[in-house]
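In this text, residue positions in the sequence shown follow the numbering used here: the first is 3, and each later residue adds one. A short worksheet on the structure shown next.
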Amino acid sequence: MEARWRSSAKPVQAPKTTKTVSFEEVSGKASSSEALPLSLHLTNAVFFSLFFSVVYFLLSRWREKIRTSTPLHLVNLSEIVAIFAFIASFVYLLGFFGIDFVQSLILRPSTDLWNSEDEEENEALLRKEDARKIPCGQALDCSVTSAPIISAQKVVDEKLVKLTTEEDEEIIKAIVAGTTPSYSLESKLGDCKRAASIRREALGRITGKSLSGLPLDGFDYESILGQCCEMPIGYVQIPVGIAWPLLLNGKEYSVPMATTEGCLVASTNRGCKAIHLSGGASSVLLKDGMTRAPVVRFGTAKRAADLKFYLEDPENFETLAVVFNRSSRFARLQGIKCVIAGKNLYLRFTCSTGDAMGMNMVSKGVQNVLDFLQTDFPDMDVIGISGNFCSDKMPAAVNWIEGRGKSVVCEAIIKGDVVRKVLKTSVESLVELNMLKNLTGSAMAGALGGFNAHASNIVSAVYIATGQDPAQNIESSHCITMMEAVNEGNDLHISVTMPSIEVGTVGGGTQLASQSACLNLLGVKGASQESPGANSRRLATIVAGAVLAGELSLMSALAAGQLVKSHMKYNRLSKDVSKTSS
Ligand code: ADP
3 MEARWRSSAK
13 PVQAPKTTKT
23 VSFEEVSGKA
33 SSSEALPLSL
43 HLTNAVFFSL
53 FFSVVYFLLS
63 RWREKIRTST
73 PLHLVNLSEI
83 VAIFAFIASF
93 VYLLGFFGID
103 FVQSLILRPS
113 TDLWNSEDEE
123 ENEALLRKED
133 ARKIPCGQAL
143 DCSVTSAPII
153 SAQKVVDEKL
163 VKLTTEEDEE
173 IIKAIVAGTT
183 PSYSLESKLG
193 DCKRAASIRR
203 EALGRITGKS
213 LSGLPLDGFD
223 YESILGQCCE
233 MPIGYVQIPV
243 GIAWPLLLNG
253 KEYSVPMATT
263 EGCLVASTNR
273 GCKAIHLSGG
283 ASSVLLKDGM
293 TRAPVVRFGT
303 AKRAADLKFY
313 LEDPENFETL
323 AVVFNRSSRF
333 ARLQGIKCVI
343 AGKNLYLRFT
353 CSTGDAMGMN
363 MVSKGVQNVL
373 DFLQTDFPDM
383 DVIGISGNFC
393 SDKMPAAVNW
403 IEGRGKSVVC
413 EAIIKGDVVR
423 KVLKTSVESL
433 VELNMLKNLT
443 GSAMAGALGG
453 FNAHASNIVS
463 AVYIATGQDP
473 AQNIESSHCI
483 TMMEAVNEGN
493 DLHISVTMPS
503 IEVGTVGGGT
513 QLASQSACLN
523 LLGVKGASQE
533 SPGANSRRLA
543 TIVAGAVLAG
553 ELSLMSALAA
563 GQLVKSHMKY
573 NRLSKDVSKT
583 SS
């Protein structure tokens, strides 16, 4: 069957053969309820009433006969009619509500399948088993095509369903039955779009949930294969807004922000305007090095210390750098910082990674060094290539203090006039609020890198738009915002210091069409032709510049007491949420 799917992968393009048809065409038969002159609900009501009335009538007659010692088999005409009505209504109700239950018993997978050694296959089965636990009533409302009569209810609601080709139908059934793992579709079919479409249809049948709001078409599924996302079933749409012009280091940038938070783009845009009218912002890149810290274990703390001294000896660095740098022509080892916990040693390698964010690159280099060290330290037990001292995707003081990725400081002097006219507040209020909120308030909260108003809002929106890893928003948003009155108290000096901006312009999600377009808009798409790393470094400064604009605007809104008012204006715009919640 596998060979047949693959051989016909190209000719059998699902979209070409897909057409919209009625339910009768799909199932090959009409449901009995549709033949009735009454609506489905009314028919059900009639049969329900009939069933309970005749049951009541027959039971009372039965009781009467027992009391008068009349033989039970002697029945009069009204009782005969009642028995027929009982049978008819029972058959109807069983047919309508009982078929799914009976089918679910018959179609339950054999327990042999649970003995599969393949973990992922078992996971697929688990999901299927979970789907079966959907209560009947729920299935009645939501199922797509698993039970004909339930589908009839769906057809009444949706009128039309999509027909897949016979071959696709066969594959969908195999996935639903758990005999084909869904993750293998891409390799079996050789057609990523078709694989996604089939997986999606199977998922709909298994879960009984509609995926109608999640688009399938309009996305290049080949581009994510083996790189960005496994087992795709569609894609989520996120609007992209633009904050511009951000005048940074004498250049204007249009900053794309992917977000669903009303006000965010408008607010950042206002910050950009204030910066522009004040002559622009400037930023400096302080450091550029991605880190990875494996954890290794020895028999004694002394042996762990031996390795620490070896790694930190400048005489050994050159050799280690040569070994490390073999991982890529862009990877260049900068240093190794070691910490000990008992017999365990954490080795934090830092290296430059060109225009890539660099996690893969640094990991490969670290692996090279670990392999090399094994000769001189055969008793070294490598516990994990990442020992969390890196520290990736979690708040950690090591990133805040040492930096990770790009460390950037960005500043601007905002004219007093602009503070009053554009930001609708005063220099004095901003300085006071910054001291009490971003510095003292965050200190009271025990913040780690969170000495800012909302850096992560801007970082996440720019990261999603430009194909960065959104999970790295955690350390990338570490930021301290400083404000000070300058020029005899007339103007405002504002700065953001961000030690761990982790961005790249090659690799990961940056190569996808939409994300790549956003990078192109910023003039930092792909690998820099001038000097490797120039694009990713510039992107980091743009992120810091956008954060500066966002901080300036939100802090001004807070100082002027406008926050709630503007959120009401942009987030609740003439929408009655209750009307869209169904
Ligand atoms: P990451 O290390 O961020 O996870 P990838 O390993 O996915 O990134 O992508 C980096 C790849 O891009 C490497 O194979 C590298 O050789 C290649 N590459 C091409 N040009 C550059 C460049 N200017 N800077 C960094 N990497 C580059």
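By construction, the Cβ of each residue, glycine as well, lies at the ideal position given by its N, Cα and C atoms. The structure displayed is predicted, hence computed values, not measured ones.
Residue i, buried or exposed, once every other Cβ within 10 Å from all chains shown has been counted against 16
i      : result
Val286 : exposed
Asp373 : exposed
Glu66  : exposed
Phe86  : exposed
Leu44  : exposed
Gln239 : exposed
Asn271 : buried
Glu169 : buried
Met485 : buried
Met446 : exposed
Glu188 : buried
Asp357 : buried
Phe326 : buried
Gly405 : buried
Arg69  : exposed
beta-carbon residue i near the ligand ADP non-hydrogen atom, thresh 7 Å
i      : result
Ala529 : yes
Ser330 : yes
Pro534 : yes
Ser293 : The amino acid occupying residue 293 in the given sequence is Thr; Ser does not appear at that position. Flag unset: Cβ of Thr293 not near the ligand ADP.
Gly367 : no
Ala542 : no
Val257 : no
Asp290 : no
Thr166 : no
Asp308 : no
Val526 : no
Gly273 : no
Ala358 : yes
Met484 : no
Gly509 : yes
Met363 : yes
Gly206 : no
Gly506 : yes
CB of residue i within 8 Å of CB of residue j, strictly
i      : j      : result
Val297 : Gly389 : yes
Val508 : Gly525 : no
Asp493 : Lys417 : yes
Val2   : Leu322 : For the chain, the structure presents residues 3 to 584; residue 2 sits outside this window and is missing.
Ala455 : Ile503 : no
Cys2   : Ala457 : Beyond the ends of the chain as shown, which are 3 and 584, falls residue 2; an answer cannot be given.
Ala306 : Lys345 : yes
Tyr255 : Ile544 : yes
Ala414 : Ser280 : yes
Leu556 : Val505 : no
Val364 : Arg294 : yes
Ala292 : Gly469 : First, the residue type needs correcting, since residue 292 is Met and not Ala in the sequence shown. The answer is no: Cβ separation not under 8 Å.
Leu60  : Ser91  : no
Phe300 : Met382 : yes
Alpha carbon of residue i to alpha carbon of residue j, nearest angstrom
i      : j      : result
Gln474 : Ala245 : 22 Å
Val48  : Gln564 : 60 Å
Ile173 : Leu349 : 48 Å
Val410 : Ile403 : 13 Å
Ala303 : Leu347 : 9 Å
Val420 : Gly552 : 15 Å
Val549 : Lys395 : 19 Å
Ile235 : Arg201 : 6 Å
Gly360 : Ser354 : 8 Å
Ala197 : Ser212 : 18 Å
Ala561 : Cys412 : 22 Å
Glu477 : Asn401 : 7 Å
Ala141 : Gln376 : No answer about Ala141 holds up, because its pLDDT of 28 lies below 50 and its placement is not dependable.
Pro73  : Val178 : 54 Å
Trp64  : Lys175 : 49 Å
Thr261 : Ser214 : 22 Å
His278 : Gly386 : 48 Å
Ala283 : Ala204 : 53 Å
Arg334 : Ala343 : 28 Å
Per the contact definition of three or more C-beta pairs closer than 8 Å, is the segment 250-267 in contact with the segment 215-228?
no
Quick check: the segment 522-540 against the segment 432-448, are at least 3 beta-carbon pairs closer than 8 Å?
no
Does the segment 504-517 come close enough to the segment 424-437 that 3 or more CB-CB pairs lie under 8 Å?
no
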